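Read the structure below first, then the notes.
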Amino acid sequence: MLLCWSLPAGIVYGDDLQQIQVSGTIVDENGVPLPGVNVVVKGTTIGITTDINGRFTLTVPDRNATLVASFIGYITQEIPVAGRNVVDISLASEALSLEEVVVVGYGTQKKVNVIGSVTTVSTAEITASPTNTVSQSLGGRLPGLVVQQTTGEPGRDDADLLIRGQNTLGNNSVLIVVDGIPERDMNSIEPGDIESLTVLKDASAGIYGSRAANGVILITTKRGTEGAPRFEYDFHHGWGQPTVLPKMTDAATYAQMINEVKTYRGEALTYTPDDIEKYKSGEYPWTHPNSDWFRETFKTWTNTGHHTFRVTGGSPTLRYFASFGTQSDNGSYKRTATTYNRYNFKTNLDVQINKSISLNFDVNASEEDMTFPTKSTSSIFSGLIRNFPNSPAVWPNGLYGPDIEYGDQPLAVSTFDAGFDDTKHYRINPMLTATVKFPWVKGLVLTGNYAYDMYFQVRKYFVKPVTLYFLDKAGYLAAGNTGKEDGSAFLTGIPRGTIAEPRLTDYYYDSRRITNSLKLSYDRSFGVHTISAFAAIESMDYLNKGIQGYRRYFISDQLPYLNAGGTDEMSNNSNLQSTTEIALDARLNYFGRATYNYAEKYLFEFTLRRDGSLRFSKDAGRWGMFPSVLMGWRISSEDFWKNNIAFMNYLKLKASWGQMGNDAVNAFQYLTLYGFNTGFIAGSSKNYVSGLAQSSVPNPNITWEVANIFNAGFESQMFSGRIRWDVDAFYQRRTNILWKRDASVPDFTGITLPDENFGIVDSRGIETSLGYNDRVGNFSYAINGNFAFARNKIVEYDEPARPVEWQRYTGHPIGAILQYNCIGIFDDADDMPGYPRVSDPYAARSGGGGGIIIEDYNKDGKINSDDRIMYDYTTTPEITYGVTIALSWKNFSLTTLFQGVGNTWYRADFPIMGTWGNYWQYYAEDRWTPENKTASKPRSFERVEDYWRGDYLTDFDYYNHAFLRWKNLE
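Using the working numbering, the letters of the sequence shown correspond one by one to residues 18 to 987.
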């Protein structure tokens with residue numbers, strides 16, 4: 018997790034830079050003047066606030082500039098000056114923003130008529146946080162959206178998104194739709210290019226059928242506007258640092274704890290009191306180093322840069338929007354040249370051929386260039402936690418210190434001295450849309466769409482042994498040195514690593530997808546009756562190809578090309594290997610939606626999709642039918658409500674049910690698959706002869722996973738919109754989940770079993786958002802909060818027979834853990850006499866104290882595997898929430914965001930500690946000793962002890978990862 022600070026700047030240029038003075042009055046929807054409204058020339062810092070009468074006068078540097086009027090509690094408006102000297106503005110209250118148009122699946126709806134569980138995020142909110150990707154900026158802003166960032170490495174720091182938690186045993190990925198095209202990458206888009214972002218969480222997502230079961234995020238990018246060209250330039254430079262790094266014990270504490278272990282085991286002490294004092298002093302780096310591995314590996318600050326240039330304009334017949342952006346980040350590793358650069362290009366072109374025909378041509382392209390160490394962040398972190406503080410990360414002369422084993426020296430591995438992982442990603446997504454309005458049938462529109470998405474990846478992975486240096490300590494001391502003097506002459510460099518020689522893997526991946534759609538829509542109003550309907554057909558064809566080459570025995574990393582590899586001197590074998598892959602996929606979908614509302618009071622919606630997937634057999638299971646029904650009642654429009662409950666000016670009740678499919682499984686499991694295996698021994702030479710062999714058992718009946726989603730809730734506003742309160746309750750039953758049976762075939766067959774449709778998972782929860790806004794003179798404020806709770810339960814799961822009933826996964830959340838229950842720490846031998854203990858040969862020497870008290874769950878007088886119980890500890894938070902506070906006074910504004918999660922757990926890696934690795938600092942500070950019998954942590958331990966082997970893991974290892982963090986301030 019990175020804490021980022023940034024310095025933004027913006028400049029706007031126009032083709033006519035004539036300076037003019039603009040005056041005007043800003044009023045609310047009732048014509049009442051609004052004092053304290055911020056009026057700013059878009060893209061600049063030129064601005065003013067309205068006076069007590071709502072008036073303003075502003076010198077504008079460009080007669081074609083755009084004014085931005087914003088006020089807490091009101092919808093921000095952008096008004097082109099267009100050469101005028103008087104610009105009057107009317108702001109609509111956010112409370113009365115029900116006329117606002119919201120993007121929904123394959124169309125738009127007025128907010129007042131939306132009856133699904135739909136939430137939106139504005140462009141201002143997305144760009145408020147100077148994050149590297151769109152997904153990172155969403156945390157805490159939307160109820161029910163779980164945002165988890167598992168790494169801070171640039172280029173790999175996309176957040177994982179879940180809508181309403183985990184709902185299936187299989188793929189829980191959210192469907193991303195960009196400008197109407199499913200499965201595009203949201204993080205390759207410049208955040209400032211986004212016009213709106215909408216999240217569909219219930220049956221409203223049903224219009225997307227295939228893979229909409231996990232929810233849908235709709236992104237609409239900006240388009241051109243009429244007027245002279247307007248140029249914008251945005252610049253952000255940020256400095257980031259890890260908010261929290263693990264704290265491990267220093268060398269002296271570690272040595273003391275190892276001595277305690279030796280004492281409990283009745284063995285000779287490893288370290289003398291003099292050793293410990295020398296570790297504390299820090300004056301003997303050659304013989305008694307004290308290494309802070311995290312400080313040696315990570316920089317204090319990282320630098321990020323972000324530049325975006327945009328232009329928009331056009332005429333009634335031709336409008337255009339284009340942007341070009343760059344982003345750079347040099348990573349957090351101190352001794353490596355980790356680099357990340359991204360380049361984005363976006364253009365949207367709208368052409369009005371005549372009154373009935375229009376064309377839209379969009380192109381979104383991006384390139385990512387990234388170079389990283391050969392090990393992942395998690396692998397390097399694990400090594401940093403494990404390495405000993407009394408082993409030098411680097412010697413005083415700058416050379417790498419020794420490893421634990423197999424070249425595991427995380428500082429060295431984090432550098433290019435151990436190789437590099439160079440990857441380039443290229444995306445090009447052109448799209449053409451044609452729209453025809455039939456003048457002889459009002460409201461009838463035909464829309465055709467063609468999108469060709471291309472993605473290329475080029476990766477070069479070069480790994481080599483790294484030279485580590487070991488001190489001849491005996492020779493160093495024999496020469497009369499004390500540990501303070503230079504010991505460079507006594508160091509020996511040895512190449513270490515998991516490999517014996519340099520190796521290169523070249524990888525090229527090519528993915529292409531064609532999406533075609535044709536939609537016929539009809540929208541009309543007849544008095545108080547409004548009808549909207551469409552029918553559409555959509556096809557998606559995929560082709561993925563990849564080729565990988567591999568070679569060993571490189572004499573240098575300066576020529577990382579396969580033809581520069583060497584040969585094995587023993588076998589004269591070049592070890593040049595290559596593999597290829599190809600994958601096909603396709604879908605054909607028929608779908609439609611019909612909506613009706615009466616006086617915007619009684620609301621109905623029905624959707625139906627028939628989806629076909631190549632992943633299932635045409636004879637059984639290929640086609641799925643997914644209906645959805647939504648109903649709403651704007652009860653506040655009823656006379657009896659208006660006359661009796663006037664303080665609640667808006668209340669809409671809504672309910673929905675829908676079915677959605679999920680085909681995110683391995684394709685062609687209905688076919689018997691074959692593959693090349695290691696072969697069979699043939700002939701007198703006894704050499705292996707490779708050949709084709711069956712690799713899977715087919716399941717011809719495999720079909721769609723189905724989600725049945727129920728949602729009910731209300732939307733409300735009170736006291737003329739000063740208070741807004743929305744609530745949604747939901748229940749989902751996921752059936753036909755594709756999963757493997759608890760069965761297997763012998764390994765020698767090389768055959769795997771297919772997935773089957775048998776799993777069932779239930780999910781339920783509640784979401785709410787509450788906001789209050791008001792103003793007092795020139796001061797205005799708004800407080801908005803959201804909260805969501807979601808819990809799942811496995812209803813049917815083919816698990817192996819358990820010796821006791823309480824150890825079944827069924828009935829628990831996905832990811833639940835089977836382990837022992839820790840109920841305390843033994844004070845001494847007299848504590849809880851007669852209570853069963855785990856085999857602990859060292860308890861006597863520790864006075865019988867310091868061991869973990871494991872609950873004898875079945876009360877049989879002994880601790881064994883039957884005492885393990887299921888814990889509902891998962892890494893996916895069940896609770897998410899966020900709070901936004903916005904303050905404004907005259908021309909000054911302040912907005913801050915807090916984000917939090919709850920009921921999420923992580924496991925501290927205790928079993929690696931002792932002579933296998935360092936100890937956590939918080940554990941060391943309150944560990945049991947004969948002098949500290951009331952400690953909250955057990956005595957110093959060693960991995961080989963029964964308490965700390967994997968067989969005896971307890972909930973002592975798990976910690977609640979709930980947090981509340983201050984995420985953003987602007």
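Note that CB positions come from ideal geometry on N, CA and C, so glycine has one too. Please read these numbers as outputs of a predicted model, since none were measured by experiment.
Taking one C-beta from the region 652-671 and one from the region 234-254 each time, how about it: are there three or more such pairs within less than 8 Å?
Flag = no, the region 652-671 and the region 234-254 do not touch.
So what does N803 bridge to, in DSSP terms?
Its beta-bridge partners are S786 and G899.
Out of curiosity, what's the CA-to-CA distance linking R403 and L488?
Roughly 21 Å separates the two Cα atoms.
Would DSSP call D884 helix, strand or coil?
DSSP places D884 in helix when its eight states are reduced to three.
Which partner residues of F433 appear in the DSSP bridge assignment?
In DSSP, F433 forms no bridge with anything.
Residue ranges of each beta strand (DSSP E) run of no fewer than 3 residues wholly in the region 127-189, ordered along the chain?
Entirely contained in the region 127-189, the beta strand (DSSP E) runs reaching 3 residues are, in chain order, 135-139, 162-165 and 177-180.
So, at 8 Å on beta carbons, what are the nonlocal neighbours of N102 in its own chain, with the 5 sequence-adjacent residues on each side left out?
Excluding sequence neighbours, N102 sits near I37, Q38, V39 and S40.
Are any of the Cβ atoms in chain D nearer than 8 Å to that of S110?
Among the chains of the structure shown, chain D does not appear; only one protein chain is present.
Going along the chain, which residues of its own chain have a beta-carbon closer than 6 Å to the beta-carbon of V368, five neighbours each way excluded?
Here the set comprises L335 and L376.
In whole angstroms, give me the CA-to-CA distance for P97 and E117.
So the alpha carbons of these two residues sit roughly 20 Å apart.
For D503, which of T304, Y852 and A807 has the nearest alpha-carbon?
Closest option to D503, Cα to Cα, is T304.
Grab the span of the beta strand (DSSP E) containing W640 for me, first residue to last.
Where W640 is concerned, the enclosing beta strand (DSSP E) stretches over W640 to W650.
Output the boundary residues of the beta strand (DSSP E) element that contains S298.
Taken as a continuous stretch (DSSP letters only), S298 belongs to no beta strand (DSSP E), being part of the alpha helix (DSSP H) at P290 to S298.
If we call anything under 8 Å between Cβ atoms a contact, is L709 one with Y687?
No. Outside cutoff.
Which residue's Cα is closest to the Cα of A681: S673, N614, T720 and N661?
Answer by Cα proximity: T720.
Just grab the DSSP bridge partners of V411 for me.
Paired residues: Y417.
Just to confirm the assignment: which complete alpha helix (DSSP H) runs, minimum length 4, are found wholly within the region 190-238?
Whole alpha helix (DSSP H) segments, 4+ residues: zero.
Quick check on the burial criterion: 16 or more other C-beta atoms within 10 angstroms. Buried or exposed for P333?
Exposed, since its Cβ has fewer than 16 Cβ neighbours within 10 Å.
Tell me which residues share the same chain as D434 and place their Cβ nearer than 6 Å to its Cβ, disregarding the 5 neighbours each side in the sequence.
Only V483 meet the Cβ criterion.
Rank D219, E385, G802 and N935 by C-alpha distance to the C-alpha of G788 and give the top, closest one.
With distances taken between Cα atoms, G788 lies closest to G802.
Consult DSSP for P717 and reduce its assignment to one of helix, strand or coil.
Three-state result, P717: coil.
Between the Cα of M677 and those of K218, K295, H546 and W412, spot the shortest distance and give me the residue it belongs to.
For the residues K218, K295, H546 and W412, the minimum Cα distance to M677 belongs to K218.
Terminal residues of the continuous alpha helix (DSSP H) containing V278?
Its alpha helix (DSSP H) spans residues A268 to R282.
Between which two residues does the alpha helix (DSSP H) carrying Y939 extend?
Looking at the DSSP string, the run of the alpha helix (DSSP H) that includes Y939 is Q938 to E942.
Of all the options N381, E385 and R247, which has the alpha carbon lying nearest to the alpha carbon of G331?
When each option's Cα is compared against that of G331, the closest is R247.
Which of the three DSSP states is assigned to T42 in this structure?
Correct three-state label for T42: strand.
Who are the Cβ neighbours of V462 in its own chain at under 6 Å, not counting the five residues just before and after it?
So the qualifying residues of the chain are K454 and S538.
Reducing DSSP to helix, strand and coil, say where K536 ends up.
Three-state DSSP puts K536 in a strand.
Using a 10 Å radius around the Cβ and a threshold of 16 neighbouring Cβ atoms, would you call D974 buried or exposed?
When all chains shown are included, D974 counts as buried.
Please determine, among S556, D175 and D386, the residue with the shortest C-alpha to C-alpha distance to V475.
Cα-wise, what sits closest to V475 is D386.
Y923: which of P955, Y936, N977 and T897 sits nearest, CA to CA?
For Y923, the nearest C-alpha among the options comes from N977.
What residue range is occupied by the uninterrupted alpha helix (DSSP H) comprising Y984?
Sequence inspection shows Lys at residue 984; the Tyr mentioned does not correspond to that position. K984 -> not in any alpha helix (DSSP H); beta strand (DSSP E) instead, spanning F980 to L986.
DSSP three-state label for S308, please.
Coil at S308, not helix or strand.
Assign F973 to one of three DSSP states: helix, strand, or coil.
Of the three classes helix, strand and coil, the one that applies to F973 here is helix, per DSSP.
Between P853 and K879, which are expected to be in contact by the criterion C-beta below 8 Å, what is the C-beta distance as a whole number of angstroms?
Correct: roughly 5 Å between the Cβ atoms.
Tell me where the beta strand (DSSP E) around L914 begins and ends.
Here the beta strand (DSSP E) through L914 covers F909 to G919.
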